[in-house]
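Take a look at the structure below.
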Amino acid sequence: METWPGTAYPLGATFDGSGTNFALFSEAAEKVELCLFDDDDVETRVQLYEVDAYVWHCYLPQVQPGQRYGYRVHGPYDPKNGKRANPNKVLLDPYAKATSGNIDWDPSLFSYNFGDPNSINDDDSAGHMMLGVVMNPFFDWAGDRPPKIPYAETVIYEAHVKGLTQMHPDIPEEQRGTYAGLAHPAIIEHLQHIGVTAIELMPVHQFVHDSTLAEKGLRNYWGYNTIGFFAPHNSYSSTGQRGQQVQEFKGMVRAFHDVGIEVILDVVYNHTAEGNHLGPTLSFKGIDNEAYYRLMENDEQHYMDYTGTGNSLNVRHPHSLQLIMDSLRYWVLEMHVDGFRFDLASTLAREFYDVDKLSTFFELVQQDPIVSQVKLIAEPWDVGPGGYQVGNFPPQWTEWNGKYRDTVRDFWRGEPSTLGEFASRVTGSADLYEQDGRRPVASINFVTAHDGFTIADLVSYNEKHNEANGEKNNDGESHNRSWNSGAEGPTDDPVVQTLRARQQRNFLATLLLSQGVPMLLHGDELGRTQQGNNNTYAQDSEIAWVHWDRADTPLIEFVAAITRLRREHPTFRRARFFDGRPVRRGEGEPLPDIAWLTPDGTAMEPEDWDAGFGRAIGVFLNGNGIRGRDARGEKIFDKNFLIYFNAHDDVVEFTLPADEYSPEWETVVDTAGAGADSAPITAGQTIPVAAKALVVLRAFTKPEVEPDHSVAASLASIANSTPAPGASAAPKLR
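The sequence shown begins at 694 in my numbering and counts up by one.
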């Protein structure tokens, strides 16, 4: 085969319209062979002779898109000293833009013989390995432009490519569970209807199904087991695995952008699918183990593990950092995604041992002209010491607010002594984010996510029910802050069913009307259940998939109405934190931007927070501050709102505040269904709020009478203006 020297950059396989350049980093290698596989799996090896700064490279003018390939790296195999090169193992290119096939967990994928970790397994793994694919980078984006929706206007929808689409009756069967299925009008129209502005996809980087799950007949459904940071997961493609998956993914992004919906990726840069020292040799481990992984101090046979998965990526090493940054830029520039949610992001801050928000990774992101300009969301914890870092990420970042989730759950299930923190969480968590210059939008608020109960299960189960996972119900979180509303699991009791429906509306309304950025879990707006399973990581089954045929249509409409209320009223999505001043108002002083109210209608004083109002409270949101300016530069104001929260088991009578807050109020939300569309209520009146219910009141103003522009009205006006007999006529204009 004709071979040219090629170039050391860019890394990976790059088709330029004529031939393909191959480049692979390995400081550990003594020799590198590029392995090309034809349609009959016949392998052709091409030795790479050119090396620049430990990058091995060549250019093959005959290689076209669709070509499958891998590498064999020759070098020392000395696990005790961190060296794991084994040329008998075909290795996936870390920069592969597409992949073909899956690994089958044959023993040849491991560099040792089972039962003897110190032995060497020299069986050839070709035929059992996933391979890289040379792909065609050219795509007609048709003028695609990112929506660039401000955080304050963002409503995120966490979704799984397969889970959301696999059972949708309107999606063609061959497109279910794929990128094309996500781009189907049935999905897009639903997201538009419920007010979603960004879809956050659970991992779509190429991942591996764990051997332990395969042995149980299960699969890695969630996908937090990445092996390829540039390649869209091949089994989510409806069109093929020879690069078609890249085109299909781009088409999906373009379809979402066409309707103004952003695409955010859940990315897993903290570890890889190669596991610990007993894991397989699939890619990084055989290419340059010491560069890509954090090894134990004084014991380089074993791996540092801050993730609970066996290894942690080495964010100390410049080529590991380059891999992450190159991957992020690729997904923004070439795949047009709009942001990232970083799984176990605390691990990326462990440059040495402790979590350090000033680590090299965050400095690289800060100065990068591409990555710094998209949405950056941290899951601000890992399983290492000091890993829980909610509120401690750099100012450029937003965070999944786990404290919001826990506090809101506790409040609505009636836990005592949560009121002060509840007030802080629903107003943007200023205690976590204000001190380092961030805004309320730094808080990504959520009540449920993929990891845990759905909202329907949150109000239906006290205990997890994970028996289907094959771990004797020992997996998953046991402390869920859930309440089954009086019966465990399915029930025909209408009282329990009514309470559960109300509690779901309570959670959804609280989430969507809190300051910060709301995130919905896919299917929560449909009343989706996982039958009490709070850890569906292995449930690529109907347990985890969305059952569209069982959708709770009234709940869908409720969510659509609340997101519309949020969209129409900037009071619910403020750019800055409330200051609450003056805390104690003197006579004639203006109303504060926020006021917390006791059930008797008086403003909460600082000493009242511990005075026993732990399960019922009202809040006044002042809409009279400037909310911006319109196209003509005119100031934009909003209406005042009252929200009453009642987590008691009985009705609570709330007295409306004095008329300086508003002379009259109209009910716009009542999760008990009683007060909506009722007549306006005057200041000082009492309003009953049902047990476990939330009510939203809006300052009422009588609608202005629309002028009548009809011909009949015009003629009547002329008739009424005709002078009476004997009256002097109007003077003529000269």
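For each residue, glycine too, the CB sits at the ideal point set by N, CA and C. Only a predicted model underlies this, so the values are computations on that prediction, with no experimental measurement involved.
Please classify M694: does DSSP put it in a helix, a strand, or coil?
Coil, per DSSP.
Indicate the three-state DSSP secondary structure (helix, strand or coil) for F949 in the structure shown.
Here F949 sits in helix by DSSP.
I'd like to know if Y764 contacts chain C, where contact means its C-beta is closer than 9 Å to some C-beta of that chain.
The chain inventory of the structure shown lacks chain C, comprising one protein chain alone.
Can you tell me whether H1402 is buried or exposed? The criterion is at least 16 other CB atoms within 10 Å of its CB, across all chains shown.
Flag for H1402 reads exposed.
Which one or two residues does DSSP pair with W1289 in a beta bridge?
V1312, per the DSSP bridge assignment.
If you draw a straight line from the C-alpha of A1412 to the C-alpha of E1327, how long is it?
Those two C-alpha atoms are separated by around 39 Å.
Under the assumption that M823 contacts L785 (Cβ atoms under 8 Å), give the Cβ distance between them as a whole number of angstroms.
Indeed they touch by this definition, with Cβ atoms about 6 Å apart.
Secondary structure at H1215, three-state DSSP: helix, strand or coil?
Of the three classes helix, strand and coil, the one that applies to H1215 here is coil, per DSSP.
How about T1203 and L1387: do their beta carbons lie closer than 9 Å?
Against a cut-off of 9 Å, the Cβ pair of L1387 and T1203 comes out as a contact.
Could you name the residues of the same chain whose beta carbon sits closer than 7 Å to that of A1149, not counting the 5 residues immediately before and after it, in chain order?
Closer than 7 Å at Cβ, skipping near neighbours: Q1197, G1220, R1221 and T1222.
Would you mind sorting L1426 into buried or exposed? The rule is 16 or more other CB atoms within 10 Å of its CB.
Because L1426 carries a pLDDT of 39, less than 50, the predicted location of this residue cannot be relied on, and no value is offered for it.
Within 10 Å of its beta-carbon, does T1000 have 16 or more other beta-carbons around it, so buried, or fewer, so exposed?
T1000 comes out buried.
Helix, strand or coil for H767? Go by DSSP, reduced to three states.
If DSSP states are grouped into helix, strand and coil, H767 belongs with the strands.
With which residues is E893 paired in a DSSP beta bridge?
E851 and I957, per the DSSP bridge assignment.
Taking just the CA atoms, how far does N1167 sit from F708?
So the alpha carbons of these two residues sit roughly 49 Å apart.
Mind listing, in chain order, the continuous beta strand (DSSP E) runs of no fewer than 3 residues lying wholly within the stretch 1123-1171?
Counting only runs of 3 or more, we get 1136-1138.
In the DSSP assignment, find the unbroken alpha helix (DSSP H) run with L1335 in it and report its ends.
Where L1335 is concerned, there is no enclosing alpha helix (DSSP H), although the beta strand (DSSP E) it sits in stretches over F1334 to N1339.
Between which two residues does the beta strand (DSSP E) harbouring T713 extend?
Unbroken beta strand (DSSP E) run through T713: T713 to F718.
On the DSSP bridge list, what partners appear for M989?
Note: M989 sits in a beta bridge opposite D992.
Could you tell me how far apart the beta carbons of M945 and A873 are, in whole angstroms, since I believe they sit closer than 8 Å?
With 8 Å as the limit, M945 and A873 qualify as a contact, their Cβ atoms being about 7 Å apart.
In the DSSP assignment, find the alpha helix (DSSP H) that holds T1191 and state where it starts and stops.
Where T1191 is concerned, the enclosing alpha helix (DSSP H) stretches over P1187 to L1206.
Assuming D982 and G775 are in contact, meaning their beta carbons sit under 8 Å apart, how far apart are those beta carbons, in whole angstroms?
Correcting the residue identity first, residue 982 is Asn in this sequence and not Asp. Between G775 and N982 the Cβ distance is about 6 Å, and since that is below 8 Å, they are a contact.
Which whole-angstrom value describes the C-beta separation of L1284 and G1311, a residue pair presumed to lie in contact below a C-beta threshold of 8 Å?
Rounded, the Cβ-Cβ distance is 14 Å, inconsistent with contact.
With distance defined between alpha-carbon atoms, name the residue in E1250, M694, E1092 and K1157 nearest to T1364.
For T1364, the nearest C-alpha among the options comes from E1250.
Just list the residues that DSSP pairs K776 with in beta bridges.
K776 pairs with D771.
Apply the 10 Å Cβ neighbour rule to R1308 and answer buried if 16 or more other Cβ atoms are within range, or exposed otherwise.
R1308 should be labelled buried.
Could you work out which residue in T1348, D1144, A791 and N1228 is closest to K1165 when comparing CA atoms only?
When only C-alpha atoms are compared, the closest one is N1228.
Using C-beta distances below 8 Å, list every residue in its chain close to N1317, excluding the 5 sequence neighbours before and after it, in chain order.
Counting only Cβ-Cβ distances below 8 Å, and skipping sequence neighbours, we find L1284, F1330, D1331 and N1333.
Confirm, please, whether the CB-CB distance from R1043 to F1200 is below 9 Å.
Cβ distance not < 9 Å, so F1200 and R1043 don't count as in contact.
Within the chosen definition, does the stretch 830-842 reach the stretch 760-780 through at least 3 CB pairs nearer than 8 Å?
Flag = no, the stretch 830-842 and the stretch 760-780 do not touch.
Using C-beta distances below 7 Å, list every residue in its chain close to G712, excluding the 5 sequence neighbours before and after it, in chain order.
So the list reads Y752, L753, P754, Q755 and V756, once near-sequence residues are dropped.
To the nearest angstrom, how far is it from the Cα of W1289 to the Cα of G1273?
So the alpha carbons of these two residues sit roughly 9 Å apart.
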